[in-house]
Amino acid sequence: MELAGLVVDYGGVLTDWGPEPGDEPPLLDVLRQARRHGLRTALLSNADGPGPAPDSAFGSLFDVMVLSGEVGIAKPDERIYRLVAQRLDIETERCVFVDDLAGNVRGAVATGMVGVHHTSVPATITELEALFDVRLA
1424 MELAGLVVDY
1434 GGVLTDWGPE
1444 PGDEPPLLDV
1454 LRQARRHGLR
1464 TALLSNADGP
1474 GPAPDSAFGS
1484 LFDVMVLSGE
1494 VGIAKPDERI
1504 YRLVAQRLDI
1514 ETERCVFVDD
1524 LAGNVRGAVA
1534 TGMVGVHHTS
1544 VPATITELEA
1554 LFDVRLA
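So, in structure tokens, the structure goes:
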């Protein structure tokens, strides 16, 4: 089954500036590249909400944004991963989830998602490029 969705956490993942100086955290451009390759993208955060406007520069990186404060479910509850996959209109087995907390990754894997434990920007990019078989950086 071909992977079709990239689901990412915010704090600790999209806020990681990586080892090189730049204008923005590098995983933001990874999301842009993923969308150019036809992948659907989602933000999944335990933030209290409300989230960024969908038409903002940040919000436009995502097809879907699911915030715990808005839906009343938090990671690692399996229901939140199923909800984000449902909103993406993709089976959980076709989604990759990236988080810096191993417990949240385990919650996603329990639903059938492929989990990536974010420990560094280069390692996450390498893993995502291997999983999706596309260049993202």
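Take any residue in the sequence shown, count from 1 to its spot, add 1423: that is its number in the numbering used here.
The beta carbon of each residue, even a glycine, is placed where N, CA and C say it ideally should be.
Exercise. Any idea which residues DSSP pairs Gly1428 with across the strands?
Worked result: Arg1463 and Cys1518
Exercise. By Cβ distance, which residues of its chain are closer than 8 Å to Phe1485, with the 5 residues on each side in sequence left out?
Worked result: Leu1454, Thr1464, Ala1465, Leu1466 and Pro1477
Problem set entry | Which residues DSSP lists as bridging His1538, in chain order | For the sequence presented, residue 1538 should be read as Gly rather than His. In DSSP, Gly1538 forms a bridge with Phe1520.
For this session: Report all residues from its chain with a CB closer than 8 Å to the CB of Thr1438; omit the five preceding and five following residues, and keep chain order.
Result: Cβ within range, chain order: Pro1448.
Exercise. Could you give the C-beta distance for Arg1517 and Ala1427, rounded to a whole number, given that I count them as a contact under 8 Å?
Worked result: 5 Å
For this session: Measure the CB-CB distance between Val1539 and Leu1524 and report whether it falls below 8 Å.
Result: When the beta-carbon positions are compared, Val1539 and Leu1524 stay at least 8 Å from each other.
Exercise. Between Asp1556 and Ile1496, what straight-line distance do the alpha-carbon atoms span, to the nearest angstrom?
Worked result: 32 Å
Problem set entry | Distance cut-off 7 Å: Thr1464 Cβ against heavy atoms of the ligand MN | Summarising the ligand content, the structure contains no ligands, and the ligand MN is consequently not present.
For this session: Determine the DSSP secondary structure at Ser1468, reduced to helix, strand or coil.
Result: In the displayed model, Ser1468 falls within a strand according to three-state DSSP.
Exercise. Candidates Ser1491, Pro1499 and Val1487: which alpha carbon is nearest Arg1508's?
Worked result: Note that residue 1508 corresponds to Ala in the displayed sequence, not to Arg. It is Val1487.
Exercise. So what does DSSP say about Val1489, is it helix, strand or coil?
Worked result: Judged by DSSP in its simplified three-state form, Val1489 adopts strand.
Exercise. What number of angstroms, rounded off, separates the C-alpha of Arg1558 from the C-alpha of Gly1472?
Worked result: 32 Å
Problem set entry | Same chain only: Cβ atoms within 7 Å of Val1532, ignoring 5 sequence neighbours per side | Gly1538
Problem set entry | N- and C-terminal bounds of the alpha helix (DSSP H) containing Pro1545 | Val1544 to Phe1555
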